Amino acid sequence: MKTSIFQGRSFIAEKDFNREELNYLIDFSAHLKALKKAGIPHHYLEGKNIALLFEKTSTRTRAAFTTAAIDLGAHPEFLGQNDIQLGKKESVADTAKVLGRMFDGIEFRGFSQQTVETLAEFAGVPVWNGLTDDWHPTQMIADFLTVQENFGYLKGINMVYVGDGRNNVANSLLVTGAILGVNMRIVTPRSLFPDKSIITLANQYAAQSGAIIQMTDDVPLGVKDAHVLYTDVWVSMGEEDKFAERINLLTPYQINRHMLDLTGNEEVIVLHCLPAFHDSQTEYGQRIAKEFGIQEMEITDEVFRSSNGRQFEQAENRMHSIKAIMAATLGNLFIPKA
Ligand code: CP
Ligand code: NVA
Numbered sequence: 304m305k306t307s308i309f310q311g312r313s314f315i316a317e318k319d320f321n322r323e324e325l326n327y328l329i330d331f332s333a334h335l336k337a338l339k340k341a342g343i344p345h346h347y348l349e350g351k352n353i354a355l356l357f358e359k360t361s362t363r364t365r366a367a368f369t370t371a372a373i374d375l376g377a378h379p380e381f382l383g384q385n386d387i388q389l390g391k392k393e394s395v396a397d398t399a400k401v402l403g404r405m406f407d408g409i410e411f412r413g414f415s416q417q418t419v420e421t422l423a424e425f426a427g428v429p430v431w432n433g434l435t436d437d438w439h440p441t442q443m444i445a446d447f448l449t450v451q452e453n454f455g456y457l458k459g460i461n462m463v464y465v466g467d468g469r470n471n472v473a474n475s476l477l478v479t480g481a482i483l484g485v486n487m488r489i490v491t492p493r494s495l496f497p498d499k500s501i502i503t504l505a506n507q508y509a510a511q512s513g514a515i516i517q518m519t520d521d522v523p524l525g526v527k528d529a530h531v532l533y534t535d536v537w538v539s540m541g542e543e544d545k546f547a548e549r550i551n552l553l554t555p556y557q558i559n560r561h562m563l564d565l566t567g568n569e570e571v572i573v574l575h576c577l578p579a580f581h582d583s584q585t586e587y588g589q590r591i592a593k594e595f596g597i598q599e600m601e602i603t604d605e606v607f608r609s610s611n612g613r614q615f616e617q618a619e620n621r622m623h624s625i626k627a628i629m630a631a632t633l634g635n636l637f638i639p640k641a
């Protein structure tokens, strides 16, 4: 018997859930976080097996799915790109049918949105999108939980995303904010504006929620009165040939102290899904420093380390929110209404 409207459902894009359901997942994440902090067990997935499929690398998403599954009493199994036949010797549909007979839920991170959609179509168990080229939906529950924790509410918040306006995180923020009634601004050069189909979708949701949606290439106008400044890497996984082009285009869109001043809000919080290029302490950072003579990209080290930054709370919230998503869709929980 289905005990909740979430049971058995996949989460492959934000639009899979309506506003009430997304709000429920955010609130349920906060509840599970409180249980975890109080040391109260919450084994809603006792005896379940969870497959973790990764075509692209990951720290937070992999770690969050792993620890969340274990806290829920489930067994997570990592199946990396070079470990399984997926797409190489076996079709996505055949792989989905096999995994769905052995596992109770499947996470997928990779390139094509079509892959995660095919998995969801043929697996017969919930499939959760851990990031594709187009969307990063599980990240959204953590991000809006972090905003809600900091401000106590979501509707009417001005969230400003600066940087690569057409990547997976920007797409997801724009649509999720529009569903939730969060005013979303994408501040990016015109050549990096989100795809028209994404803007149309966001505008449709905004008409229902009352969110104000704006795209602009004008930094002072775009960041004014921001409650939240959000950025992501300028070059996403799979686009590593684009560093020169993006550095050239996006340098004026770096989150730095001057941009924080332009918001006119001393209390503005800064979010970043991570990993971040805020110094040259990484292999990539050193290569960029050598080739382009810069130490920082989308966010300065000073702002990253400042009291405005909430990126590590946000990273922790990945675990609580992924736990909520898995428990709600697989745990046969009694949820009278969402
Ligand atoms: N934010 C995020 O998805 O991080 P990872 O790439 O480390 O999983
Ligand atoms: N836009 C980034 C997000 C990483 C979490 C990427 O796809 O690489």
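Per the working numbering, the very first residue in the sequence shown carries number 304; after that it's consecutive. C-beta atoms are modelled at their ideal positions from N, C-alpha and C, and glycine is treated no differently. These numbers come from a predicted model, not from an experiment.
For residue i, verify whether its CB is less than 7 angstroms away from any heavy atom of the ligand SAM.
i	result
residue 434	The ligand content of the structure shown is limited to the ligand CP and the ligand NVA, which means the ligand SAM is not among them.
For residue i and residue j, what's the separation of their Cα atoms in angstroms?
i	j	result
residue 572	residue 388	43 angstroms
residue 509	residue 593	44 angstroms
residue 359	residue 435	9 angstroms
residue 543	residue 484	34 angstroms
residue 455	residue 449	10 angstroms
residue 311	residue 527	42 angstroms
residue 441	residue 514	21 angstroms
residue 417	residue 396	11 angstroms
residue 554	residue 520	12 angstroms
residue 427	residue 372	19 angstroms
residue 414	residue 328	25 angstroms
residue 283	residue 320	Beyond the ends of the chain as shown, which are 304 and 641, falls residue 283; an answer cannot be given.
residue 370	residue 615	17 angstroms
residue 400	residue 383	18 angstroms
residue 283	residue 439	Because the chain here runs from 304 to 641, residue 283 falls outside it and cannot be looked at.
residue 392	residue 600	39 angstroms
residue 584	residue 345	38 angstroms
Counting only the same chain and skipping the five closest in sequence on each side, list residues whose C-beta sits under 6 angstroms from that of residue i.
i	result
residue 347	375, 630 and 634
residue 550	595
residue 476	464
residue 488	463, 517 and 525
residue 313	423, 429 and 430
Measuring alpha carbon to alpha carbon, tell me which residue in the options is nearest residue i.
i	options	result
residue 357	385, 597, 591 and 334	385
residue 333	447, 473 and 503	447
residue 378	405, 393, 397 and 548	405
residue 464	392, 574, 330 and 393	574
residue 365	394, 627, 603 and 622	622
residue 536	612, 367, 468 and 627	468
residue 472	628, 317 and 636	317
residue 637	326, 331 and 320	331
residue 408	394, 355 and 414	355
residue 539	361, 349 and 327	361
residue 606	570, 620 and 625	570
residue 412	558, 479, 541 and 511	541
residue 556	335, 491, 425 and 373	491
residue 562	320, 611, 380 and 339	611
residue 568	399, 480 and 523	523
residue 437	497, 503, 445 and 402	497
residue 548	501, 591 and 461	591
residue 443	504, 398 and 478	478
residue 632	351, 339 and 341	351
residue 532	504, 565, 545 and 546	565
residue 529	470, 461 and 545	461
With which residues is residue i paired in a DSSP beta bridge?
i	result
residue 395	Paired residue(s): none; residue 395 is not in a bridge.
residue 411	356 and 432
residue 381	355
residue 314	431
residue 565	DSSP lists no partner for residue 565.
residue 532	463 and 573
residue 622	Residue 622 is not bridged to any residue.
residue 516	487
residue 558	602
residue 612	573
If you drop the 5 nearest sequence neighbours on each side, which residues of the same chain put their C-beta closer than 7 angstroms to that of residue i?
i	result
residue 506	516
residue 588	580 and 582
residue 367	621, 622 and 625
residue 512	322, 481, 482, 483 and 484
residue 349	376
residue 501	474, 477 and 478
residue 457	447, 450, 451, 483, 484 and 485
Excluding the 5 residues flanking residue i on each side, which residues of the same chain have their C-beta closer than 8 angstroms to its C-beta?
i	result
residue 494	552
residue 353	368, 372, 377, 378, 379, 380, 406, 407, 408, 409, 410 and 629
residue 603	557, 558, 559, 560 and 581
At least one CB of chain D closer than 8 angstroms to the CB of residue i: is that the case?
i	result
residue 367	Absent from the structure is chain D; it holds one protein chain and no more.
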